[in-house]
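Visitor: I have a structure here, written as structure tokens, and I will follow up with some questions on it.
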Amino acid sequence: MSSPPRDEAIALLEPVVADAVSAAGFDLEELDVQQAGRRRLVKVVVDSDDGVGLDEISELSRAVSKVLDAHEHVLAGAYTLEVTSPGTDRPLTRPRHWRRAQHRLVKIKLSDGGELTARVGAAADESVQVLVEQQIRTLAYRDIERAVVEVEFQQPPAQDLVLLKRAADGPEGDDREDTEESR
11 MSSPPRDEAI
21 ALLEPVVADA
31 VSAAGFDLEE
41 LDVQQAGRRR
51 LVKVVVDSDD
61 GVGLDEISEL
71 SRAVSKVLDA
81 HEHVLAGAYT
91 LEVTSPGTDR
101 PLTRPRHWRR
111 AQHRLVKIKL
121 SDGGELTARV
131 GAAADESVQV
141 LVEQQIRTLA
151 YRDIERAVVE
161 VEFQQPPAQD
171 LVLLKRAADG
181 PEGDDREDTE
191 ESR
């Protein structure tokens, strides 16, 4: 029996793999199925608010393998399973990605063509607060074309963290006037 085309295999496997990943307390970020010689390569990318450790990857690999074995008719033969977490170059595309990137430095390309390097603050369902040149800005996700975390080799400046916390806490307790600039 031949295996279904790639897109069909992904569509059939994604719900059951997502259930297994979710049951373990993680989010399925990506599922991909590629032909690799006589085998299929099944790549499962997972994440969580607390990150993903090697022991958890190992446990997830066993859980996902059981699910795939139970649906072997979809893969129709041998497969190689790769369970991993997103790399640092993963674009921030969902509100949960922004929440997980809080306090990280990001490079942002805006829909209007502008570019920013900013530190991530509080993330909501429709927008995110960022610190740009010591000023808090609120960006709607719809206005962000692409955003990627920048790798830093030191802790964020304490002053940046104070400004982001103050902005996240809102105007109460803030000595500044409630102006457009302070929001």
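If you read the sequence shown in the working numbering, its first letter stands for residue 11, the second for the next number, and so on.
Beta carbons are placed, not taken as given, at the ideal position from N, Cα and C, and that holds for glycine.
Just so we're clear, the structure is a prediction, and the values are computed from it rather than from any experiment.
1. Between V158 and S95, how many whole angstroms is the CB-CB distance? I'm expecting something under 8 Å.
2. Only counting the same chain, and skipping five residues up and downstream in sequence, which positions put a Cβ closer than 8 Å to that of R50?
3. Can you give me the C-alpha to C-alpha distance between A21 and E40, rounded to a whole angstrom?
4. V5 by DSSP, collapsed to three states: which one?
5. Could you check what DSSP says for L64 in three-state terms: helix, strand or coil?
6. Is it buried or exposed for G47, if we count other Cβ within 10 angstroms and need 16 for buried?
7. For S71, which option in E162, V172 and E92 has the closest C-alpha, if you only look at C-alpha atoms?
8. Going straight from the alpha carbon of P101 to that of I118, what length do you get?
9. State yes or no: is the C-beta of I146 within less than 8 Å of the C-beta of L171?
10. So, at 8 Å on beta carbons, what are the nonlocal neighbours of E190 in its own chain, with the 5 sequence-adjacent residues on each side left out?
11. Figure out for me which residue from L23, G61 and H107 has the closest Cα to the Cα of D135.
12. When you compare each of A33, A178 and E125 to S137 by their alpha carbons, which one comes out closest?
13. Going by C-alpha to C-alpha distance, which of G124, L141, S121 and L120 sits closest to V130?
14. List, from N- to C-terminal side, the alpha helix (DSSP H) runs of 4 residues or more that fit wholly inside the region 67–138.
15. Considering only DSSP beta bridges, list what R49 is partnered with.
Guide: On the basis of the supplied data:
1. In the sequence shown, residue 158 corresponds to position 148, counting from 1. In the sequence shown, residue 95 corresponds to position 85, counting from 1. Contact doesn't hold; Cβ gap of about 16 Å is too wide.
2. The residue labelled residue 50 in the question sits at position 40 within the sequence shown. Only S13, A19, V43, Q44, L85, G87, A88, Y89 and T90 meet the Cβ criterion.
3. For this step, residue 21 is matched to residue 11 along the sequence shown. For this step, residue 40 is matched to residue 30 along the sequence shown. Cα-Cα distance, rounded: 12 Å.
4. Nothing can be reported for residue 5, as the shown portion of the chain is limited to 11 through 193.
5. Working through the sequence shown from its first residue, we reach residue 64 at position 54. In this structure, L64 counts as helix in the three-state DSSP scheme.
6. Walking along the sequence shown from the start, residue 47 turns up at place 37. G47 is exposed by the Cβ-count criterion.
7. As a first step, residue 71 is located in the sequence shown; it is residue number 61 there, counting from the start. Here the closest residue by C-alpha is E92.
8. In the sequence shown, the residue the question calls residue 101 occupies position 91. In the sequence shown, the residue the question calls residue 118 occupies position 108. Rounded to whole angstroms, P101 to I118 spans 10 Å at the Cα level.
9. Translated into the one-based positions of the sequence shown, residue 146 becomes position 136. Translated into the one-based positions of the sequence shown, residue 171 becomes position 161. For I146 and L171, no; Cβs fall outside 8 Å.
10. Within the sequence shown, residue 190 is the residue found at index 180, counting from 1. Per-residue confidence for E190 stands at a pLDDT of 38, beneath the threshold of 50, marking its modelled position as unreliable; the derived number appears in the next sentence. Within the same chain, E190 has no close Cβ partners at all.
11. The count along the sequence shown starts at 1 and reaches residue 135 at position 125. Checked all of L23, G61 and H107; the closest Cα to D135 is H107.
12. Here residue 137 refers to the residue found at position 127 when the sequence shown is read from its first residue. S137 has its Cα closest to that of A178, out of A33, A178 and E125.
13. Numbered from 1 along the sequence shown, position 120 holds the residue referred to as residue 130. It is L141.
14. 82–85 and 105–110
15. As a first step, residue 49 must be located in the sequence shown, where it is residue number 39. In DSSP, R49 forms a bridge with A46.
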